[in-house]
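J.:
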Amino acid sequence: MIRKLAFAAFAGALAASTAAFAVDTTPTKGAPDLTAVRSAIKAKAFTVAIKELSGMIDAGVQHADVYNLLGFSLRKSGEQKAAMTYYAKALDFDASHKGALEYQGELYVEIGEIAKARANLASLEKLCPTGCEEREDLEKALATVPKTN
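Using mature numbering (1 follows the signal peptide of the UniProt record, and there is no 0), the letters of the sequence shown map in sequence onto residues -22 to -1, 1 to 127.
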């Protein structure tokens, strides 16, 4: 119970901070070249991906794909709290970013926030009424949840 309350407090603070973040920033024009980052992620070299993506952000790149992939790499490195921050930033830049909705939803499943994962799935269902990879992957993650949730 205490853990859930602590997470709720964190999520509230995160929501407040990301709202301010969204007002003060403008996305970088055009997507950066993420070929090397995607290769590192495919090779499960998440530390390499985190370093590269963090460098892009430090250099002023502000793009939903960068934040989403940083969130993914952090989550796969066991840094769930930091991952949640970057998924939120990705969605601040692009509220219909399918990858961020999927990965954030998978993180919600991992931490037991099933209602939030289902809300992300509902967003993906609207974005992909005939189906898409992100929707299918989040559906698979939710299928692992016991029916009592």
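Backbone N, C-alpha and C fix where the C-beta goes; we use that ideal spot for every residue, glycine too.
With distances taken between CB atoms, is the gap from A95 to Y86 smaller than 7 Å?
T.: For A95 and Y86, yes; Cβs fall inside 7 Å.
J.: Are the CB atoms of Y45 and K67 nearer to each other than 7 Å?
T.: In this structure, K67 lies closer than 7 Å to Y45 by Cβ.
J.: If D43 and A14 are in contact, beta carbons under 8 Å, what's the gap, nearest whole angstrom?
T.: Not really, about 13 Å apart at Cβ, beyond 8 Å.
J.: Take the Cβ of E91 as the centre, count every other Cβ of all protein chains shown within 10 Å, and call the residue buried at 16 or more, exposed below.
T.: Classification of E91: buried, given that the 10 Å Cβ count is 16 or more.
J.: Give the C-beta separation of A48 and I19 to the nearest angstrom, bearing in mind that I take them to be a contact with Cβ-Cβ under 8 Å.
T.: It should be pointed out that residue 48 corresponds to Leu in this sequence rather than to Ala. Not really, about 10 Å apart at Cβ, beyond 8 Å.
J.: Tell me which same chain residues have a C-beta within less than 6 Å of the C-beta of C106, skipping the five on either side of it?
T.: Result list for C106: R113, in chain order.
J.: Mind checking which residues open and close the alpha helix (DSSP H) that includes V39?
T.: Per DSSP, V39 belongs to no alpha helix (DSSP H) and is neither H nor E.
J.: Can you look up T108 in the DSSP assignment and give me helix, strand or coil?
T.: Reduced to three states, the DSSP call for T108 is coil.
J.: Rounded to the nearest angstrom, how far is the Cβ of L102 from that of K118, given a contact under 8 Å?
T.: Wrong, their Cβ atoms sit about 12 Å apart, outside the cutoff.
J.: For E111 and L99, what's the separation of their Cα atoms in angstroms?
T.: One C-alpha to the other measures close to 12 Å.
J.: What residue range is occupied by the uninterrupted alpha helix (DSSP H) comprising K20?
T.: Taken as a continuous stretch (DSSP letters only), the alpha helix (DSSP H) holding K20 covers T13 to K20.
J.: Classify S101 as helix, strand or coil using the three-state DSSP reduction.
T.: S101: helix per DSSP, three-state reduction.
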